[in-house]
Amino acid sequence: MRKLSDYPNIGKKLEEQLNRIGIYTIEELKESGAEQTWLKIKKNDYSACLHRLLALEGAIQGIKKSSINVERKNELRNFVKLNEVLDLQK
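Here the sequence shown is numbered in this note's numbering, starting from 233 and rising by one per residue.
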């Protein structure tokens, strides 16, 4: 079985963060989805940013985060902005 860090964009630190939230395989990451996984990581690490979300999405797609299509990048960018606004309202 491949380690998560064998997939694009996932280094040791991100792999550790994924393991802390109960994700150990790429299948579990795909099932959770980039956005929900990012939210779980953000609960433990407030430095989670757009780049981490893009890394998750790229890993799910099996590509470098720079290769994610523009439309999907914009969706993820808007998701992060919305969550920043919601965090400020708390």
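Beta carbons are placed, not taken as given, at the ideal position from N, Cα and C, and that holds for glycine.
In the same chain as I242, and ignoring 5 residues on each side of it, the C-beta atoms closer than 6 Å to its own belong to L236, A291, in chain order.
By the neighbour-count criterion, in which 16 or more other beta carbons inside 10 Å mark a residue as buried, Y239 falls on the buried side. In the displayed model, I292 falls within a helix according to three-state DSSP. Uninterrupted alpha helix (DSSP H) stretches at least 4 residues long and entirely within the region 262-311 occur at 266-276, 282-293, given in chain order. Shown here, K235 sits in coil according to DSSP, grouped into three states, outside any helix or strand. In this structure, the CA atom of V317 is about 15 Å from the CA atom of S279. Spanning the alpha carbons of N276 and E267 requires a straight line of approximately 15 Å.
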